[in-house]
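If you want our numbering, it's the 1-based position in the sequence shown plus 105.
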Amino acid sequence: KPFDLNQGSPIDLSVYPEALTFTPFIEESRACPYACRFCDNNEFYNSKVRVKSPEKFEKDLANAVSFFGTKPMYAILTSDLDYNTAKEKALIMKKYGILWSSQMDCFHDWSILVPIFKESGMKLLNLGLESGSPRILKMMGKSKNPKQYLENCRNILKSCHEHDILTRVNILIYPGENEESLNETLSYLDSISPWLQGVVACATVAYPGSRLMQDMEIYEKEYGAKLVDTPQCRATHHYPIHPSAQISFEK
Numbered sequence: 106k107p108f109d110l111n112q113g114s115p116i117d118l119s120v121y122p123e124a125l126t127f128t129p130f131i132e133e134s135r136a137c138p139y140a141c142r143f144c145d146n147n148e149f150y151n152s153k154v155r156v157k158s159p160e161k162f163e164k165d166l167a168n169a170v171s172f173f174g175t176k177p178m179y180a181i182l183t184s185d186l187d188y189n190t191a192k193e194k195a196l197i198m199k200k201y202g203i204l205w206s207s208q209m210d211c212f213h214d215w216s217i218l219v220p221i222f223k224e225s226g227m228k229l230l231n232l233g234l235e236s237g238s239p240r241i242l243k244m245m246g247k248s249k250n251p252k253q254y255l256e257n258c259r260n261i262l263k264s265c266h267e268h269d270i271l272t273r274v275n276i277l278i279y280p281g282e283n284e285e286s287l288n289e290t291l292s293y294l295d296s297i298s299p300w301l302q303g304v305v306a307c308a309t310v311a312y313p314g315s316r317l318m319q320d321m322e323i324y325e326k327e328y329g330a331k332l333v334d335t336p337q338c339r340a341t342h343h344y345p346i347h348p349s350a351q352i353s354f355e356k
């Protein structure tokens, strides 16, 4: 049975060796409500998200601040910040006077909450964009409405820029990519570049148990995608992918 995040006492952070040299992490939730094909989160947890209540979140934050102080930037650990309690948790962080960063997706248009995030000390926002190609977003299972998804991302970034919050987006080079889809992503990145400070891009990695791994035969047949299968990959259970016959992992 999954552990209830609202149970248990705050962690004794002093037991970790050299704990004060690390970024303070505050766990906000576990698992993810979405079902992206490259992710095995939903395979383990059946998309059942466990979210800390604002009360438990504040207890853990107070515990961390008492140990780390308010000088370091805190990372709010989550697959996707819980939309329903985000405002209340942001106001809690404001009360403690910390700087913080977090990870969000583009399923919601977070721009309406950005002013509150800024007021509460948000310094950096990571967005799980993954692609600027509508075709690839659908293949990923990222969005059934790529147009709205990409518009949400644009709105969020513009609002963060207006409120002096640093931003970066994640991009995955996915099985089935070709020159056209990569150019769509590059064109989209170019269009949002005035409001963006960084891009983290990498080839997609397939993990045993993910739907992506289960579907690799289909991707290989249709696009020429192949796993990078080495002794190290087998030992660590992660397999980078040659995206297609046109695009290799090395390229």
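Each residue gets a CB set at the ideal place from its N, CA and C atoms; glycine is no exception.
From a predicted model like this one, the values you see are computed outputs, not experimental measurements.
The three-state reading of DSSP puts S292 in helix, counting H, G and I together. Counting only runs that start and end inside the segment 205 to 236, the alpha helix (DSSP H) elements of at least 4 residues fall at 219 to 224. Excluding five sequence positions before and after Y344, the CB atoms of its chain that fall closer than 7 Å to its own CB belong to V310, A311, L332, V333, D334, C338, given in chain order.
Leaving aside the five residues that flank Y121 on each side, the residues in its chain whose CB is nearer than 8 Å to its CB run, in chain order, F127.
Taken through DSSP and simplified to helix, strand or coil, L166 comes out as helix.
Taken in chain order, the complete alpha helix (DSSP H) segments of 4 or more residues contained in the segment 169 to 202 are 191 to 201.
Listed in chain order, the non-local C-beta contacts of P177 below 6 Å within the same chain comprise P129, local neighbours out to five positions each way being set aside. Here the segment 188 to 200 does not lie against the segment 136 to 147, with fewer than 3 beta-carbon pairs under 8 Å apart. Rounded to the nearest whole angstrom, the C-alpha separation of G246 and M321 is 15 Å.
Going by beta carbons, L242 and T272 fall outside the 9 Å limit. Within the same chain, G237, L255 come within 7 Å of Y293 by CB-CB distance, once the 5 residues on both sides are set aside.
Secondary structure note for N283: it is in no beta strand (DSSP E), with a DSSP letter that is neither H nor E. T341 counts as exposed, since fewer than 16 other C-beta atoms from the protein chains shown sit within 10 angstroms of its C-beta. By the Cβ-count criterion, I297 is buried, with 16 or more other Cβ atoms from all chains shown falling within 10 Å of its own Cβ. F222 is positioned such that its CB atom lies no closer than 9 Å to that of I197.
Straight-line spacing of the CA atoms in Y179 and I352 works out to 38 Å. When C-alpha distances from S264 are compared across D214, N250, L277, K252, the shortest belongs to D214. S207 sits away from T175, with the two beta carbons spaced by 9 Å or more.
In the structure shown, E123 falls within a coil segment according to DSSP collapsed to helix, strand and coil. Of the other Cβ atoms in all chains shown, fewer than 16 fall within 10 Å of the Cβ of P336; this residue is therefore exposed.
Apart from the 5 residues on each side of it in sequence, E284 sits with its Cβ closer than 7 Å to the Cβ of Q351 in its chain, given in chain order. 9 Å or more divides the Cβ of L277 from the Cβ of E327.
In the structure shown, T128 falls within a coil segment according to DSSP collapsed to helix, strand and coil.
Rounded to whole angstroms, the Cβ separation of N260 and S216 is 4 Å, and the two are in contact under 8 Å. For P345, there is no enclosing alpha helix (DSSP H); the enclosing beta strand (DSSP E) covers residues 344 to 347.
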